[in-house]
Amino acid sequence: MFTLYIGLLGLVTLAFGLAEILVWAGASPGFSIGILEIAGDDFFRWAWGGAILVFGGLFMLGSLRGRGTMEQFGKTVLGAAMIWIIASTDIFARLCESIPAGEEAPEFFNSVAGFVGGFAPPYSPAILLLPFTLGIVYFLFNGRFDEV
Amino acid sequence: MTAGTYRQNLGDVLGDLTVRPLTGIPVAFAVLYAFWSIFSSFAGALVTDGFMVKAFDNHWLPWLQEAWPDPASIHYFLFVGDPLAENCFEAFGMLTSGLFVAIGVVLPAIIIFYLMMAVLEDSGYLPRLAVLMDTVFHRIGLHGYAIVPTILGLGCNVPAVTATRVLETRKQRFIMMTLLAIFIPCGAQIGVMLEVIPETVGWVMLYLILGFGIFGFILDRIIPGSNPEILIDVPPYHWPLRENVAKKLWNRTKSFLKDAVPFVLFGVLVVNVLYLAGVIGALADLFEPLFVTWFGVPKETVGPLVAAFLRKDLAVAQLSAIAMTPYQMITAVVLVSIYFPCVATFVVMLREGWKELAAAVAVLVAAVFIYGGLIHAVGILMGVA
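So the protein sequences, as listed, match chains A and B.
Numbering follows the working numbering, in which position 61 of the first sequence is assigned residue number 62; successive positions increment by one, without gaps.
Numbering follows the working numbering, in which position 30 of the second sequence is assigned residue number 539; successive positions increment by one, without gaps.
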């Protein structure tokens with residue numbers, strides 16, 4: 002079951018990473034489906050960030066061989082860490098942009114509604130993947146992998 | 510006597526995976542991504558754009574323009590700058606641009622930079638990065654621990670020059686010091702670049718990284734001396750201690766406030782005096798053929814280049830006000846970066862030895878001339894210069 006979960010998560014992460022790079026490269030002008038958005042307008046976020054998601058996906062898929070060993074679980078954690086890095090920096094960027102009021106506003110701080118609105122959808126793929134990595138966190142603390 | 514058994518835990522495995530090239534290099538890319546993302550979100554979007562620009566442009570500048578007497582006087586030009594300026598970047602007075610750059614742009618950039626640097630050091634990741642980079646750095650006559658002055662230099666070149674002492678031989682220290690002075694832009698400069706020319710920062714950094722590699726490779730071949738192997742002690746991963754991180758952050762920020770901020774304020778003053786005395790105009794006329802023909806940038810960029818000796822960040826801000834094509838802007842900013850170390854770095858390099866400084870300056874002059882011309886040539890070949 003855990004193998005299937007990691008395999009699926011790895012595949013989706015890989016696909017999202019490739020999609021981010023392709024959108025940045027001009028394959029699409031950027032798209033938004035429901036709460037998912039890939040803007041693709043910035044090399045740093047979408048090409049570099051996309052490559053990190055690709056590596057994250059590859060790490061998880063690479064960890065499927067010889068499951069149960071500490072080394073393979075380490076690769077799974079490293080793959081999840083790639084998602085955590087992109088998602089947490091995306092959330093931090095939203096936080097930093099939501100605290101101050103807009104450039105034209107006379108006041109310094111944003112209103113509560115404006116601040117909360119800064120966290121409204123659509124979200125980047127990494128943020129959407131974040132809850133799905135909780136399974137890895139669960140195994141990290143309860144999977145007793147340090148006894149392998 | 511009994512021997513204990515070694516039980517590998519997840520921390521050991523992760524520590525091992527992050528020094529193996531196949532898994533370690535992607536992780537290094539991810540860590541650098543996080544580093545720069547947090548840097549630009551905190552220093553750029555939150556502190557500078559969110560609060561400092563508003564505080565300085567909407568409150569401090571109008572108040573100073575109104576309160577300071579006699580807008581036609583020399584002291585007004587020196588301290589407040591342009592009486593019609595609508596923002597602190599354009600005013601170029603010591604108390605407007607100087608204070609804004611020092612407190613509004615550079616200080617937040619330095620604080621977040623050194624905070625993340627301390628976390629990387631104390632978590633045990635930096636020694637792993639040194640192991641990963643060892644092979645790469647050996648190709649330019651250095652070893653893995655050269656990553657410490659390189660990353661420190663991205664904050665401020667002053668402590669970075671001092672940190673070159675982690676390298677063993679005179680040859681290594683000279684190469685590192687020279688490459689730092691030429692190809693590593695400080696946090697102040699990066700902060701201003703992100704603020705005024707965000708769309709070209711990537712290209713500027715790419716040219717600087719390429720130059721770092723090319724000139725390091727050449728210096729390694731022409732400078733006599735050895736490049737010994739080192740043994741790096743890699744500690745296990747651990748949570749950084751809050752007290753240690755806070756102490757490092759405070760010491761480094763204090764050192765920046767003491768060593769660099771006076772240079773920012775004094776630098777604006779000196780540049781304004783040079784403009785008033787006509788020195789910058791005369792230099793612009795003198796160097797016009799070199800700049801226009803060889804480097805492919807407008808004559809007006811000579812002024813910011815002279816100012817760059819005092820403050821590179823201010824020089825970038827000055828460049829942003831000159832009408833140029835995007836490629837000319839990239840060339841001009843790369844030239845500002847490689848042209849000369851700022852005065853503060855110059856003084857620290859002098860402390861390391863005047864012979865090394867003189868040799869570094871000679872390399873620097875050659876690098877500016879060759880690399881500046883090369884960038885222009887690339888632009889001509891691409892049809893963008």
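Every residue, glycine too, gets a C-beta built ideally from N, C-alpha and C.
Residues of its chain near residue i, where Cβ-Cβ distance is below 7 Å and the 5 sequence neighbours each way are ignored
{"i": "residue 122 of chain A", "result": "36"}
{"i": "residue 647 of chain B", "result": "736"}
{"i": "residue 808 of chain B", "result": "793, 797, 800, 801"}
{"i": "residue 136 of chain A", "result": "6"}
{"i": "residue 769 of chain B", "result": "665, 667, 853"}
{"i": "residue 544 of chain B", "result": "625"}
Assigned secondary structure, residue i (DSSP; H/G/I helix, E/B strand, else coil)
{"i": "residue 33 of chain A", "result": "strand"}
{"i": "residue 53 of chain A", "result": "helix"}
{"i": "residue 147 of chain A", "result": "For residue 147 of chain A, the predicted structure reports a pLDDT of 49, less than 50, and the residue's modelled location is therefore unreliable. The matter cannot be settled from this model."}
{"i": "residue 590 of chain B", "result": "strand"}
{"i": "residue 737 of chain B", "result": "coil"}
{"i": "residue 880 of chain B", "result": "helix"}
{"i": "residue 865 of chain B", "result": "helix"}
{"i": "residue 595 of chain B", "result": "coil"}
{"i": "residue 649 of chain B", "result": "coil"}
{"i": "residue 708 of chain B", "result": "helix"}
{"i": "residue 677 of chain B", "result": "coil"}
{"i": "residue 601 of chain B", "result": "strand"}
{"i": "residue 732 of chain B", "result": "coil"}
{"i": "residue 39 of chain A", "result": "strand"}
{"i": "residue 472 of chain B", "result": "The question about residue 472 of chain B has no answer, for chain B in this structure spans 510 to 894."}
{"i": "residue 742 of chain B", "result": "coil"}
{"i": "residue 618 of chain B", "result": "helix"}
{"i": "residue 833 of chain B", "result": "coil"}
{"i": "residue 849 of chain B", "result": "coil"}
{"i": "residue 511 of chain B", "result": "coil"}
{"i": "residue 659 of chain B", "result": "helix"}
{"i": "residue 582 of chain B", "result": "coil"}
{"i": "residue 875 of chain B", "result": "helix"}
Own chain, CB closer than 8 Å to residue i, minus 5 neighbours either side, in chain order
{"i": "residue 824 of chain B", "result": "813, 814, 816, 817, 845"}
{"i": "residue 637 of chain B", "result": "524, 527, 528, 533, 743"}
{"i": "residue 656 of chain B", "result": "635, 638, 639, 642, 646"}
{"i": "residue 104 of chain A", "result": "none"}
Beta-carbon proximity list for residue i, same chain, < 6 Å, skipping 5 on both sides
{"i": "residue 739 of chain B", "result": "652"}
{"i": "residue 1 of chain A", "result": "A query on residue 1 of chain A cannot be resolved here, the shown segment of chain A reaching from 2 to 149 and no further."}
{"i": "residue 661 of chain B", "result": "668, 669, 672"}
{"i": "residue 789 of chain B", "result": "783, 812, 815"}
{"i": "residue 688 of chain B", "result": "721, 725"}
{"i": "residue 108 of chain A", "result": "102"}
{"i": "residue 695 of chain B", "result": "665, 666"}
{"i": "residue 677 of chain B", "result": "737"}
{"i": "residue 680 of chain B", "result": "732, 734"}
{"i": "residue 873 of chain B", "result": "691"}
Check: residue i C-beta below 8 Å from any heavy atom of the ligand COA
{"i": "residue 813 of chain B", "result": "For the ligand COA, the structure offers nothing, since it holds no ligand at all."}
Below-9 Å beta-carbon distance, residue i vs any chain C residue
{"i": "residue 569 of chain B", "result": "Here the protein chains are A and B, and chain C is not one of them."}
- At which residue ranges does the stretch 530 to 578 of chain B contain complete alpha helix (DSSP H) runs of 4 or more residues, listed in the order of the chain? 530 to 548, 570 to 576
- What residue ranges within the stretch 2 to 29 of chain A form continuous alpha helix (DSSP H) runs of no fewer than 4 residues, ordered along the chain? 3 to 26
- Task: For the stretch 512 to 526 of chain B, enumerate the residues whose C-beta is nearer than 7 Å to any C-beta of chain A, in chain order.
- Result: 517, 518, 519, 522, 523, 526
- Are there three or more Cβ pairs, one per stretch, closer than 8 Å when the stretch 511 to 523 of chain B is compared with the stretch 107 to 123 of chain A? no
- the stretch 593 to 607 of chain B touching the stretch 615 to 633 of chain B, judged by at least three CB pairs closer than 8 Å: no
- Task: Could you tell me whether the stretch 725 to 743 of chain B touches the stretch 882 to 890 of chain B, using the rule of 3 or more Cβ pairs below 8 Å?
- Result: no
- Item | Length-filtered (4 minimum) alpha helix (DSSP H) runs lying within the stretch 47 to 129 of chain A | 50 to 63, 71 to 99, 113 to 118
- Give, in chain order, every unbroken run of the alpha helix (DSSP H) that is at least 4 residues long and sits entirely within the stretch 748 to 830 of chain B. 751 to 768, 770 to 786, 788 to 798, 811 to 817, 821 to 829
- Message: Using 8 Å as the cut-off, can you tell me whether the stretch 616 to 626 of chain B makes contact with the stretch 588 to 597 of chain B, which would need three or more C-beta pairs spanning the two stretches below that distance?
- Response: no
- Do the stretch 557 to 564 of chain B and the stretch 766 to 784 of chain B touch if we need at least three Cβ pairs shorter than 8 Å? no
- Taking a Cβ distance cut-off of 9 Å, strictly less, list which residues of the stretch 624 to 635 of chain B are near chain A, in chain order. none
- Task: Scan the stretch 529 to 540 of chain B for residues whose Cβ lies nearer than 7 Å to a Cβ of chain A and list them as they occur along the chain.
- Result: 532, 535, 536, 538, 539
- Query: Quick check: the stretch 743 to 754 of chain B against the stretch 573 to 584 of chain B, are there 3 or more CB pairs under 8 Å?
  - Reply: no
- Taking Cβ-Cβ distances below 8 Å as the criterion, which residues of the stretch 700 to 715 of chain B are in contact with chain A? 711
- Message: Under 8 Å: do the stretch 566 to 580 of chain B and the stretch 768 to 779 of chain B share three or more Cβ pairs, one atom per stretch?
- Response: no
- Query: Which residues, taken in chain order from the stretch 551 to 564 of chain B, show a beta carbon closer than 9 Å to some beta carbon of chain A?
  - Reply: 551, 553, 554, 555, 556, 558, 559, 560, 562, 563, 564
- Query: So does the stretch 45 to 60 of chain A actually touch the stretch 533 to 549 of chain B, counting three or more Cβ pairs closer than 8 Å?
  - Reply: yes
- Message: Check whether the stretch 694 to 708 of chain B and the stretch 826 to 841 of chain B are in contact - that is, three or more C-beta pairs closer than 8 Å.
- Response: yes
- Three or more C-beta pairs below 8 Å linking the stretch 49 to 59 of chain A and the stretch 19 to 29 of chain A: yes
- Anything in the stretch 84 to 115 of chain A with a Cβ closer than 7 Å to a Cβ of chain B? List those residues in chain order, please. 86, 90, 93, 94, 97, 98, 100, 101, 109
- Task: May I ask you to list, following chain order, the residues of the stretch 20 to 32 of chain A that have a beta carbon less than 8 Å from some beta carbon of chain B?
- Result: none
- Query: For the stretch 63 to 83 of chain A, which residues have a CB atom closer than 8 Å to at least one CB atom of chain B, in sequence order?
  - Reply: 71, 72, 74, 75, 76, 78, 79, 82, 83
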